[in-house]
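Chains as they are written, first to last, in our numbering: chain D, 139 to 320; chain P, 139 to 320.
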């Protein structure tokens, strides 16, 4: 199981980025996103609506304490992977991460918000960078999940994950084609 | 050469997403970003500042006409790759794209904004999806560039691209370490 924890969401300012994080989590194989910081019902609703339209079992929930989330996951034996540009670059860490997965470990991927408390770096089992250059938590999450799943989330087989979709894209060389499933 | 064209930037609403697009473009090996839509001097300034701090030759500029940009690039023999969830999924297109690159073609990667004009789908040489699920233009750009460069943008060698940096991350298992270069 792969879950994603978004730290310190801020209403308005982070609304679109956090939404994109949730959609990347879903499209690239995570099972759940947990948001901390400000509670945003509209965000949760909009992600739920996308899941409802495009299928699958992806869940989103809110917690008022990131520390509580992490300690619960740790108690349950989950591995905590914190994405930060200051961490170990992914090519130097991917073997260890894959080993954890093949040992049957579940993974909580933590994504920073405004200011990540320094405690987070200690609580994480792995502090991982996707390049040590500044870019985006959205792209970092996508590349991490892509590396963990070895690219299989891009395959047709992976699409089967998104059961009960009301809409499905028919890939097209020009233009848009969407099949509506009633 | 790889350039990125962001369509229809909207002041305020898109400020952070477009900034993240530019940073992904830079970190994952593109040479330039061109913004169309609303001109945002603050966005251009903030990307320029990051380039100044973290090094390299990445450029950002504004154009008031996306059609003009595309027709100029086409006239100069560039291949136009439009990222859209309605396009051909990347595993089914990557061989063709890599062939273009190994034939010495330059590539303009187009990323949609609010409403992508249907003309864009015709103007593109390739309409490419990064999965046919909804997620984010930020993650789509990262995965496309990652696929095009075969992951080499994650290597230490690639860091050499970022010459004249004033700041450099020293990858660290816990905490943050940044070397300031004076």
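All C-beta atoms in this analysis are idealised placements derived from N, C-alpha and C, irrespective of residue type, glycine included.
Predicted model, so just to flag it, every value in this text is computed and none were measured.
Under a three-way DSSP split, which group does residue 275 (chain P) fall into?
Counting from one through the second chain, the residue named residue 275 (chain P) turns up at place 137. It is helical.
Across the segment 241-261 of chain D and the segment 218-228 of chain D, are there enough close Cβ pairs to call them in contact, namely three or more that are closer than 8 Å?
yes
Which partner residues does residue 219 (chain D) have in the DSSP bridge list?
Counted from its first residue, the first chain places residue 219 (chain D) at position 81. Partner(s): D:247 and D:264.
Would residue 276 (chain D) pass as a contact of residue 307 (chain P) if the rule is Cβ separation under 8 Å?
Numbered from 1 along the first chain, position 138 holds the residue referred to as residue 276 (chain D). Numbered from 1 along the second chain, position 169 holds the residue referred to as residue 307 (chain P). Against a cut-off of 8 Å, the Cβ pair of residue 307 (chain P) and residue 276 (chain D) comes out as no contact.
Report the residues of the segment 182-198 of chain D with a CB closer than 8 Å to any CB of chain P, ordered along the chain.
188 and 192
How do the segment 192-201 of chain D and the segment 159-172 of chain D stand: do at least 3 beta-carbon pairs fall below 8 Å, yes or no?
yes
Whose CA, out of D:312, D:282, D:253 and D:143, lies closest to the CA of residue 209 (chain D)?
Here residue 209 (chain D) refers to the residue found at position 71 when the first chain is read from its first residue. Residue D:143 is the option with its Cα nearest to residue 209 (chain D).
According to the neighbour-count rule (16 or more other Cβ atoms, all chains shown, within 10 Å of its Cβ), is residue 254 (chain P) buried or exposed?
Within the second chain, residue 254 (chain P) is the residue found at index 116, counting from 1. Classification for residue 254 (chain P): buried.
What residue does the alpha helix (DSSP H) around residue 231 (chain P) start on, and which one ends it?
If you number the second chain from 1, residue 231 (chain P) lands on position 93. That residue, residue 231 (chain P), is in no alpha helix (DSSP H); it is neither H nor E in DSSP.
Measuring CB to CB, does residue 297 (chain D) end up less than 8 Å from residue 167 (chain D)?
The sequence position of residue 297 (chain D) within the first chain is 159, counting from 1. The sequence position of residue 167 (chain D) within the first chain is 29, counting from 1. Not a contact, by the Cβ cut-off of 8 Å.
If we define contact as Cβ-Cβ less than 8 Å, is residue 202 (chain D) a contact residue for chain P?
Here residue 202 (chain D) refers to the residue found at position 64 of the first chain. It does not; no Cβ of chain P falls within 8 Å.
Using the beta-carbon of each residue, which ones in chain D are nearer than 8 Å to residue 223 (chain P)?
Here residue 223 (chain P) refers to the residue found at position 85 of the second chain. 307, listed in chain order.
What in chain P is Cβ-close to residue 147 (chain D), meaning under 9 Å?
The count along the first chain starts at 1 and reaches residue 147 (chain D) at position 9. Chain P residues near residue 147 (chain D): none, gap ~13 Å exceeds 9 Å.
Are the beta-carbon atoms belonging to residue 178 (chain D) and residue 147 (chain D) less than 8 Å from one another?
On the first chain, position 40 is the one that residue 178 (chain D) refers to. On the first chain, position 9 is the one that residue 147 (chain D) refers to. Going by C-beta atoms, residue 178 (chain D) is nearer than 8 Å to residue 147 (chain D).
Neighbour flag for residue 293 (chain D) against chain P, beta carbons, 8 Å
Counted from its first residue, the first chain places residue 293 (chain D) at position 155. Closer than 8 Å: yes.
Per-residue DSSP class, three states only, for residue 199 (chain D)
Walking along the first chain from the start, residue 199 (chain D) turns up at place 61. Reduced to three states, the DSSP call for residue 199 (chain D) is strand.
Counted within 10 angstroms of its Cβ, other Cβ atoms place residue 268 (chain D) as buried (16 or more) or exposed
For this step, residue 268 (chain D) is matched to residue 130 along the first chain. By the 10 Å Cβ count, residue 268 (chain D) comes out buried.
Note the first and the last residue of the continuous alpha helix (DSSP H) segment covering residue 165 (chain P).
The residue labelled residue 165 (chain P) in the question sits at position 27 within the second chain. Taken as a continuous stretch (DSSP letters only), the alpha helix (DSSP H) holding residue 165 (chain P) covers 153-165.
Test: residue 213 (chain D) CB closer than 8 Å to a CB of chain P:
Your numbering for residue 213 (chain D) matches position 75 in the first chain. No, residue 213 (chain D) lies away from the interface with chain P (no Cβ there is under 8 Å from its Cβ).
Along the segment 296-320 of chain P, what residues have a CB closer than 9 Å to any CB found in chain D?
296, 297, 300, 306, 307, 308, 309, 310, 311, 312, 313, 314, 315 and 316
By how many angstroms is the C-alpha of residue 280 (chain P) removed from the C-alpha of residue 160 (chain D)?
Counted from its first residue, the first chain places residue 160 (chain D) at position 22. Counted from its first residue, the second chain places residue 280 (chain P) at position 142. For residue 160 (chain D) and residue 280 (chain P), the distance between alpha carbons rounds to 16 Å.
Taking all protein chains shown into account, decide if residue 242 (chain P) is buried (16 or more other Cβ within 10 angstroms of its Cβ) or exposed.
If you number the second chain from 1, residue 242 (chain P) lands on position 104. Flag for residue 242 (chain P) reads exposed.
Residues near residue 261 (chain D) in its chain [Cβ-Cβ closer than 7 Å; skip 5 each side]
Within the first chain, numbered from 1, the residue matching residue 261 (chain D) stands at position 123. Cβ neighbours of residue 261 (chain D) beyond the five flanking positions: 208 and 218.
Which residue's Cα is closest to the Cα of residue 225 (chain D): D:191, D:271 and D:187?
Here residue 225 (chain D) refers to the residue found at position 87 of the first chain. Ranking D:191, D:271 and D:187 by Cα distance to residue 225 (chain D) puts D:271 first.
In three-state DSSP terms, what is residue 285 (chain P)?
The sequence position of residue 285 (chain P) within the second chain is 147, counting from 1. It is helical.
For residue 187 (chain P), which three-state DSSP category applies?
Reading the second chain from its first residue, position 49 is the one you call residue 187 (chain P). It is helical.
Check whether chain C comes within 8 Å of residue 281 (chain P), counting only Cβ atoms and requiring the distance to be less than that.
Of the protein chains in this structure, namely D and P, none is chain C.
Can you tell which of D:252, D:263, D:152 and D:230 has the C-alpha that lies nearest to the C-alpha of residue 213 (chain D)?
On the first chain, residue 213 (chain D) is found 75 positions in, with the first residue counted as 1. Comparing Cα-Cα distances from residue 213 (chain D) to each of D:252, D:263, D:152 and D:230, the minimum goes to D:263.
I think residue 302 (chain P) touches residue 215 (chain P), with their Cβ atoms under 8 Å apart; what is that distance to the nearest whole Å?
Counted from its first residue, the second chain places residue 302 (chain P) at position 164. Counted from its first residue, the second chain places residue 215 (chain P) at position 77. That pair is no contact at about 31 Å.
Give the interface partners of residue 274 (chain D) over in chain P, defined as CB-CB distance under 7 Å, in chain order.
Within the first chain, the letter at position 136 stands for residue 274 (chain D). Within chain P, the residues near residue 274 (chain D) are 158, 161, 162 and 276.
Is there a Cβ from chain P that is less than 8 Å from the Cβ of residue 229 (chain D)?
Counting from 1 along the first chain, the entry for residue 229 (chain D) is found at position 91. With 8 Å as the cut-off, residue 229 (chain D) counts as an interface residue toward chain P.
Checking 8 Å against the spacing of the C-beta atoms, do residue 228 (chain D) and residue 283 (chain D) come in under that value?
As a position in the first chain, residue 228 (chain D) is number 90, starting the count at 1. As a position in the first chain, residue 283 (chain D) is number 145, starting the count at 1. No, Cβ-Cβ distance for residue 228 (chain D) and residue 283 (chain D) is not below 8 Å.
Determine the contact status of residue 157 (chain D) and residue 181 (chain D), defining contact as a CB-CB distance below 8 Å.
Taking the first residue of the first chain as 1, we reach residue 157 (chain D) at position 19. Taking the first residue of the first chain as 1, we reach residue 181 (chain D) at position 43. For residue 157 (chain D) and residue 181 (chain D), yes; Cβs fall inside 8 Å.
Residue span of the beta strand (DSSP E) that contains residue 142 (chain P), given as start and end
Here residue 142 (chain P) refers to the residue found at position 4 when the second chain is read from its first residue. Unbroken beta strand (DSSP E) run through residue 142 (chain P): 140-147.
Nonlocal neighbours in the same chain, by C-beta distance under 8 Å from residue 319 (chain D), ignoring five residues either side
Here residue 319 (chain D) corresponds to residue number 181 of the first chain, with the count starting at 1. Once the five neighbours on either side are set aside, the close Cβ partners of residue 319 (chain D) are 303, 304, 305 and 306.
Whole angstroms is fine: what's the gap from residue 153 (chain D)'s alpha carbon to residue 316 (chain D)'s?
Within the first chain, numbered from 1, the residue matching residue 153 (chain D) stands at position 15. Within the first chain, numbered from 1, the residue matching residue 316 (chain D) stands at position 178. Distance between the alpha carbons of residue 153 (chain D) and residue 316 (chain D): 27 Å.
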